[in-house]
Amino acid sequence: MPGMVELRGVTVHLRYFTFGPVNVVFKRNTYNIVLGPTGSGKSTLLKIIAGIYRVSEGGVFIDGADVTYEPPENRDVSYVPQGYAIFDHMTVYENIEYGLKFRGVPKKERRRLVQEMAKDLGIDYLLNRRAINLSGGEQQRVALARALVVKPRVLLLDEPLSMLDRDTKERIIPLLKELPGRYGITVIHVTHDWDEAYSLADKLLIINEGKVVEEGDPEQVFTRPSRVFTARFLGFQNVIKGLAERTENGSLVRLGNGISLNVNGEVDGEVYVCIRPEWIEVLGVSDNNDHYNVVGGVVREIIRNRLGYSVLVAVDNDLSLVAFSRVAFKPGEKVMLRIPRDSVHVVKGDN
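Given below as structure tokens:
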């Protein structure tokens, strides 16, 4: 059975940017997150699916049907751009009704559908209010209602939470997570926010320079990426080149100057060791056993964050590691870094 949305060898040539070639499938009734640096092509992907950009090569398929040359209004796709594009001069009712009116739905049926959708999203009390007077969270729900009321097969969201404060965002995320199952749609959502991506995604897509560089289950991509680019982009602050050799119990990666880390799995040759700061425990004393790597060092910098402290530890003159700590160590203090073997992720070569 074909995926709900499929791009087959799609390339788009824009004035200063080329997107593709890209092959990707977004399955039915799933929540898909697209991540990547600014200018990588995330919004371009949405506009290709929506029919806003003309495909130079390849094809776009929705439910197995070739829609490559179909205009946006014939694709059964709703697109919510960044900023929501709410019509300020209209009421909430008129905003939600807009797409139905454009499609020629009779007035009585429009009223029923608008009222049902507004009630479903908890904004029925806003229907007579002017859109210009809405809060960010209310605008976001109105934009969703307008997109969903036409019953699309695909919903495209371009950074839908970027304009919201943290509290409002945390209240909207559960609503978004329910969309595929509740409305029987495929959601493709662009964001820069890791927490947002991790909370929502059934599938994660990483884009860089117009190409898909990694895709998969969010747990796998966030903790065991297959590429150095992905590791760095997703917050692995410790990415160190080393030389691996197999041992009787896994592998040993030499990082230089006599510093080595034991890792699970059999690997050899040039590798990159990738470790998240929160996977490293900062200790005042050593408490080693076979399941841990323990490395001594000196605290160089410490930065406070919401959950504790980010600690930069110089292991030698050429190597420093960033670790997470709940204890406020002081610059110049000698510490031990304890790194579980199974927290040392290895990426082969220059991948």
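Numbering (the UniProt record's numbering), first residue to last: 1 to 351. The C-beta atom is built at its ideal place from N, Cα and C for all residues, glycine as well. Bear in mind the structure is a predicted one, so any value in this text is a computation, not a measurement.
- Annotated three-state conformation of Met4 is coil, per DSSP.
- In terms of Cα proximity to Lys330, the closest of Arg338, Val299, Ser320 and Ser310 is Val299.
- Burial state of Ile207 is buried, judged by a 10 Å Cβ sphere holding 16 or more other Cβ atoms.
- Ranked by Cα distance from Thr168, the first of Ile280, Leu205 and Gln139 is Gln139.
- With a 10 Å radius around the Cβ and a threshold of 16 neighbouring Cβ atoms, Thr230 comes out buried.
- Beyond the five residues adjoining it in sequence on each side, Gly136 comes within less than 8 Å, by CB distance, of Met163, Leu164, Asp165 and Thr168 in the same chain, given in chain order.
- Within the region 40 to 114, the runs of alpha helix (DSSP H) at least 4 residues long that lie entirely inside it are, in chain order, 42 to 50 and 92 to 102.
- Within a 10 Å sphere around the beta-carbon of Glu214 sit 16 or more other beta-carbons, which makes this residue buried.
- Arg304 carries a strand assignment under DSSP once its states are collapsed to helix, strand and coil.
- Val212 and Arg130 have their C-alpha atoms some 41 Å from each other.
- In the three-state DSSP reduction, Thr30 falls in the coil class, being neither helix nor strand.
- Approximately 5 Å separates the beta-carbon atoms of Ser251 and Val267; this is inside 8 Å, confirming the contact.
- Nearest to Asp195 by C-alpha distance, out of Glu170, Ile188 and Pro180, is Glu170.
- Residue environment for Gln220: exposed (fewer than 16 other C-beta atoms within 10 angstroms of its C-beta).
- A direct Cα-Cα distance of roughly 44 Å separates Tyr79 from Pro340.
- Between the region 261 to 276 and the region 239 to 249 there are three or more C-beta pairs closer than 8 Å, enough to call the two in contact.
- Secondary-structure assignment with DSSP links Asn262 through a beta bridge to Leu252.
- Distance from the Cα of His192 is smallest, within the candidate group Gln82, Glu333 and Val22, for Gln82.
- By the Cβ neighbour-count rule, His345 is buried, with 16 or more other Cβ atoms within 10 Å of its own.
- Put simply, of Leu261, Phe26 and Arg15 the residue whose alpha carbon is nearest the alpha carbon of His189 is Phe26.
- Each of Asn95, His13, Leu161 and Ser199 was checked against the Cα of Asp124, and the nearest Cα belongs to Asn95.
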